[in-house]
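Taking it in order: structure first as C-alpha coordinates, then the write-up.
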Amino acid sequence: MLYLNEQVIEETVKNYVKEFDRTTNLLGVTSVRNIIYILTDLENELGFQINDSFVREIKDLSVEKLIEVIPKHLK
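Quick note: the sequence shown uses this note's numbering, first residue 106, plus one each step.
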(Lines of atoms letter the chains of each structure in order from A; the text may use other names.)
(Lines give C-alpha, C1' and ligand atoms only; values in the text may rest on other atoms or scores of the structure.)
Protein backbone atom coordinates (compact mmCIF):
# COMPACT_ATOMS: atom_id res chain seq x y z
CA MET A 106 0.00 0.00 0.00
CA LEU A 107 2.77 2.44 0.86
CA TYR A 108 4.43 1.77 -2.48
CA LEU A 109 1.22 2.74 -4.28
CA ASN A 110 1.03 5.96 -2.25
CA GLU A 111 4.65 6.76 -3.15
CA GLN A 112 3.92 6.21 -6.82
CA VAL A 113 0.77 8.39 -6.71
CA ILE A 114 2.66 11.18 -4.92
CA GLU A 115 5.56 11.15 -7.38
CA GLU A 116 3.29 11.00 -10.44
CA THR A 117 1.13 13.84 -9.12
CA VAL A 118 4.14 16.06 -8.47
CA LYS A 119 5.47 15.26 -11.97
CA ASN A 120 2.28 16.76 -13.40
CA TYR A 121 3.28 20.16 -12.04
CA VAL A 122 7.07 20.13 -11.49
CA LYS A 123 9.53 19.21 -14.25
CA GLU A 124 12.71 18.64 -12.24
CA PHE A 125 12.79 17.43 -8.65
CA ASP A 126 13.99 14.60 -6.48
CA ARG A 127 12.50 13.25 -3.28
CA THR A 128 14.27 15.81 -1.10
CA THR A 129 13.61 18.93 -3.22
CA ASN A 130 11.58 21.53 -1.34
CA LEU A 131 8.73 22.01 -3.79
CA LEU A 132 8.07 25.54 -2.53
CA GLY A 133 11.40 26.55 -4.06
CA VAL A 134 10.78 25.09 -7.54
CA THR A 135 7.13 25.74 -8.37
CA SER A 136 4.39 28.29 -7.80
CA VAL A 137 2.06 28.36 -4.81
CA ARG A 138 -0.79 27.72 -7.25
CA ASN A 139 0.88 24.46 -8.33
CA ILE A 140 1.41 23.48 -4.69
CA ILE A 141 -2.33 23.94 -4.14
CA TYR A 142 -3.08 21.81 -7.21
CA ILE A 143 -0.65 19.10 -6.06
CA LEU A 144 -2.13 18.94 -2.55
CA THR A 145 -5.71 19.01 -3.85
CA ASP A 146 -5.00 16.22 -6.34
CA LEU A 147 -3.32 14.14 -3.63
CA GLU A 148 -6.14 14.80 -1.19
CA ASN A 149 -8.68 13.57 -3.77
CA GLU A 150 -6.60 10.64 -5.01
CA LEU A 151 -5.38 9.29 -1.66
CA GLY A 152 -8.29 10.26 0.57
CA PHE A 153 -6.42 12.18 3.24
CA GLN A 154 -7.47 15.48 4.77
CA ILE A 155 -5.39 18.65 4.87
CA ASN A 156 -5.82 20.02 8.39
CA ASP A 157 -3.75 21.91 10.99
CA SER A 158 -1.96 18.75 12.07
CA PHE A 159 -0.96 17.95 8.47
CA VAL A 160 0.31 21.50 7.91
CA ARG A 161 2.41 21.39 11.10
CA GLU A 162 4.06 18.13 10.02
CA ILE A 163 4.76 19.11 6.41
CA LYS A 164 7.05 22.11 7.02
CA ASP A 165 9.53 20.90 4.37
CA LEU A 166 7.29 20.32 1.36
CA SER A 167 9.20 17.57 -0.42
CA VAL A 168 8.09 14.30 -2.00
CA GLU A 169 9.96 12.47 0.76
CA LYS A 170 8.04 14.38 3.44
CA LEU A 171 4.70 13.88 1.66
CA ILE A 172 5.39 10.12 1.53
CA GLU A 173 6.09 10.18 5.27
CA VAL A 174 3.20 12.39 6.41
CA ILE A 175 0.23 11.55 4.15
CA PRO A 176 -0.29 7.98 5.43
CA LYS A 177 -0.75 9.39 8.95
CA HIS A 178 -3.67 11.52 7.70
CA LEU A 179 -5.60 9.05 5.57
CA LYS A 180 -9.33 9.14 6.31
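Note that the Cβ used here is the ideal one computed from N, Cα and C, for glycine as well.
Span separating the alpha-carbon of residue i from that of residue j
i, j, result
"Val122", "Thr145", "15 Å"
"Val134", "Lys180", "29 Å"
"Asn164", "Asn156", "Here the sequence assigns Lys to residue 164, which means Asn is not the residue at that position. Cα-Cα distance, rounded: 13 Å."
"Ser167", "Leu109", "17 Å"
Under the three-state DSSP convention, the category residue i falls into
i, result
"Phe125", "coil"
"Leu179", "strand"
"Ser167", "coil"
"Thr135", "coil"
Per DSSP, the bridge partner or partners of residue i
i, result
"Phe153", "Leu179"
Contact check, residue i vs residue j, beta carbons under 8 Å
i, j, result
"Leu147", "Ile175", "yes"
"Leu132", "Ile140", "yes"
"Ile143", "Val118", "yes"
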